[in-house]
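Worksheet for the structure shown next.
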């Protein structure tokens with residue numbers, strides 16, 4: 202069983218269009234893309250998830266401590282504010298190889314203290330270097346800036362139904378993709394979360410962040426939450442490509458085999474598309490006192 206809950210995120214306050222503030226996941230941002238995101242907006246989330254490194258950096262002053270300083274400054278300035286609680290439905294419309302697709306998934310909070318071992322299955326190994334990097338950021342700034350991407354089956358219709366009933370919150374547009382985020386209030390989420398919580402999941406993207414979150418919870422029982430995104434990988438819009446060329450469709454039956462057996466694939470074998478944006482929702486890993 203996976204315990205899924207509603208949560209109150211932090212969000213960028215500037216209007217409904219969040220295009221200027223979001224970024225791709227940290228691990229696909231090249232040096233050139235990092236520079237472009239820095240220029241895109243002075244408060245783009247890239248400064249929090251993948252800040253620049255400088256030669257004078259040391260243990261006390263570095264990209265991780267700067268991320269924490271930026272976040273405090275931006276919340277003090279009310280650039281980033283508390284949003285309304287609920288679960289969230291993300292719809293992504295995109296085009297790939299001349300064909301249009303749509304993918305819908307739910308964003309919720311996972312409670313490690315009430316999640317059974319074996320309910321979430323990795324499909325590839327993690328590397329110590331990347332785990333250490335994300336651990337250092339999480340220790341300096343205990344927030345999730347992008348959900349860990351989980352896949353399962355048999356949930357697409359429930360997610361579509363939730364989207365139709367949800368309140369539209371925000372949107373974004375990046376080359377080749379448009380996204381819309383809607384919120385399902387806490388009072389209307391219980392049935393959906395209970396249904397999803399009985400499923401078994403495979404990690405699509407975010408292996409390092411999930412493992413760091415789980416290990417952090419083992420050391421600090423107050424840091425018991427992780428933001429996750431769930432979609433039905435049987436849907437046409439959940440594209441899995443070969444990581445080698447990012448063009449060849451990957452056999453979804455191989456992913457089903459992981460779910461059945463728990464056997465890991467080779468490192469960097471799959472490339473799920475589209476990626477989930479960072480900065481659309483910001484999730485505290487510890488319980489935050491509700492001041493609203």
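Numbering (this note's numbering), first residue to last: 202 to 493.
Cβ atoms here follow ideal geometry from the backbone N, Cα and C, with glycine treated the same way.
Considering only C-alpha positions, which residue in the set 369, 321, 275 and 315 is nearest to residue 222?
-> 275
How close, in whole Å, do the beta carbons of residue 268 and residue 342 come, if the pair is a contact with beta carbons under 8 Å?
-> 5 Å
Can you tell me the Cα-Cα spacing of residue 357 and residue 209, whole angstroms?
-> 24 Å
Helix, strand or coil at residue 372 [DSSP, three-state] | strand
So which of 290, 273 and 289 has the shortest CA-CA distance to residue 282?
-> 273
Same chain, Cβ closer than 8 Å to residue 258, five either side skipped, listed in chain order = 264
Three or more C-beta pairs closer than 8 Å, one from the segment 346-356 and one from the segment 391-408: is that the case here?
-> yes
Residue 396 by DSSP, collapsed to three states: which one?
-> helix
Taking only the alpha-carbon atoms, compute the straight-line gap between residue 314 and residue 424 and give it to the nearest angstrom.
-> 10 Å
Between which two residues does the alpha helix (DSSP H) harbouring residue 247 extend?
-> 247-250
What do you reckon, are the CB atoms on residue 290 and residue 215 nearer than 9 Å?
-> no
C-alpha gap between residue 242 and residue 217, whole angstroms | 16 Å
The segment 311-325 in contact with the segment 362-378 per 3-pair CB rule at 8 Å | no
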